[in-house]
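In what follows, a single structure is set out as structure tokens and then discussed.
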Amino acid sequence: MDKHEYTLSELNKSIPLSQKLNFVHKALAQHLPEVDRISVAVYDPKTDLLKTFIHSSGGADPLSNYQALLSGLDSLQEIIRTGKPRVVNNIGLDYHGKQEHSRKISVQGYGSSYTLPMYLNGVFFGFVFFNSYQKNAFAESALESLDLYGHLISLTVINELTLFHTMLAAVKTARDMTAHRDVETGAHLDRMSRFARLIAKVLAPKYNFNDEDIEHIFLFAPLHDIGKISVPDSILHKPKHLNPQEFEIMKQHAVKGREMIDSMLAEFNLESLPYVDTLRHITELHHEKIDASGYPHGLKGDEIPIEARIIAVADIFDALTSQRPYKAAWANDQAFALLRTLAGRKLDADCVQALVDNRDKVERIQDQFGSKNSLSGNAN
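Following the working numbering, the residues of the sequence shown are numbered contiguously, the last one being 1007.
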């Protein structure tokens, strides 16, 4: 009993959710050793994407950086419709010839699965999956324990992500109050955050990003320009390029943004959570340049954290391809050409290449979130 309590006490520590899931799996294994893998997928209702997030399967991860449209996953939609978990006793038989994620699970050798939906105040949030290499592993006697651990995992994941979503909502409210004339804000953030996620997914092998890393880059991307709340409207919405004095004021938004983030992290008691440095880097350093010509610190090359380099490319591309008071929207070909000239000098070459090589996905994001048809404030 003492050992069991110590294992679950790890959930109180400031460690990544993936590590917390490993500790839950360790505790569950004392009762149900047949469980070989636990994983969590989260749902993005704006794009209908179900995205892999964390798992406890060690090196055997058949669904790393995987996403799929929930509308195309009939069996999972049925779980949501009924609100009831699902047992699959023979994955190889029941999943044969079906969706890509089912085939990958089967090829990995898993024999059976148990799937629970996650809800937050009645709203669907994602799934918890239990897998076993054994067939018929999840007998009726095991389901009660799986339900309890599944809900524990669900609450742990939702609690942490909800804290960040609450902070995001607070930022959005503040931004709407101080810059209510900026009709581009929401669409721009929707697009650039998904461009950032796309780049992060492509670069995952090189930088050892797991699904949790990628999700946090996506989650924090909308906060990159929070410091612009402090910029006067006469500068933020100026329908011409800024003069040198105005640009110096605009440049302060990176430092102001970091200060605001630190204040909000303290206010929401989030300072000790993992990934807060990723948030700080995105907010403060997304205008740094590879050749040290950026601001606020003049960092160079790899001195700039990769998450800030990703945001820089995503943000600049969307600014180029969006209509602004001082310019028309550029065509994608024109924007890609400029990014290529900046790659390796001002912008990270890998990040640029990741975006350029995925034009079809870029254009789907633009189509879904209304690119090139709305006005915005100054993009400096």
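Using N, Cα and C, we set each Cβ at its ideal position, and we do this for glycine too.
For isoleucine 862, the enclosing alpha helix (DSSP H) starts and ends at 860 to 863.
Straight-line measurement puts the Cα of alanine 956 at about 18 Å from the Cα of alanine 939. For arginine 951, the secondary structure class from DSSP, reduced to helix, strand or coil, is strand. For leucine 850, no alpha helix (DSSP H) segment is defined, and its DSSP state is neither H nor E.
When C-alpha distances from phenylalanine 680 are compared across Ser768, Val714 and Ile844, the shortest belongs to Ile844. Note that the C-beta distance between arginine 972 and isoleucine 931 is not below 9 Å.
Within the same chain, Cβ atoms closer than 6 Å to the Cβ of serine 857 are found at Lys883, the five residues on either side in sequence being excluded.
Straight-line spacing of the CA atoms in glutamine 704 and leucine 790 works out to 27 Å.
Taking all protein chains in view, the Cβ of glutamate 911 is crowded by 16 or more other Cβ atoms within 10 Å, so the residue is classified as buried. Out of Ile707, Pro712 and Gln995, the CA that lies nearest to the CA of glycine 749 is found in Ile707. In this model, proline 712 and leucine 743 are separated by some 5 Å (Cα to Cα). Runs of alpha helix (DSSP H) with 4 or more residues, each lying fully within the region 875 to 928, are found at 903 to 912, listed in chain order.
If you draw a straight line from the Cα of alanine 962 to the Cα of glutamate 767, it comes to about 57 Å.
In the DSSP assignment, valine 979 falls within the alpha helix (DSSP H) that extends over 976 to 983. Annotation for arginine 713: the continuous beta strand (DSSP E) segment containing it runs 713 to 715.
When the beta-carbon positions are compared, isoleucine 933 and phenylalanine 822 stay at least 9 Å from each other. Looking at the backbone, the Cα of glutamine 872 and that of leucine 677 are separated by about 46 Å. For histidine 792, the number of other beta carbons within 10 angstroms of its own is below 16, and it is reported as exposed.
Contact annotation, aspartate 984 with methionine 819: C-beta distance approximately 18 Å; criterion of less than 8 Å not satisfied.
When DSSP states are grouped into helix, strand and coil, tyrosine 746 belongs to the strand group. Taking a 10 Å sphere around the C-beta of threonine 968, we find fewer than 16 other C-beta atoms and assign the residue as exposed. One Cα belongs to tyrosine 776, the other to leucine 655, and the distance between them is close to 7 Å. Non-local C-beta neighbours of histidine 658 in its own chain, meaning closer than 6 Å and more than five positions away in sequence, comprise Ser772, ordered along the chain. By the CB criterion at 9 Å, leucine 906 and isoleucine 943 fall outside the cutoff. The residues Val714, Val715, Asn716, Asn717, Ile718, Asn758, Ser759, Gln761, Lys762, Asn763, Ala764 and Phe765, in chain order, have a CB closer than 8 Å to that of serine 739 in the same chain once the five nearest residues on each side in sequence are set aside.
Taken through DSSP and simplified to helix, strand or coil, asparagine 758 comes out as strand.
In this structure serine 645 is not in contact with isoleucine 665, their Cβ atoms being roughly 11 Å apart against a cut-off of 8 Å.
For the pair phenylalanine 752 and tyrosine 670, the CB atoms are nearer than the 9 Å cut-off. Secondary structure note for aspartate 671: its beta strand (DSSP E) is the uninterrupted segment 664 to 671.
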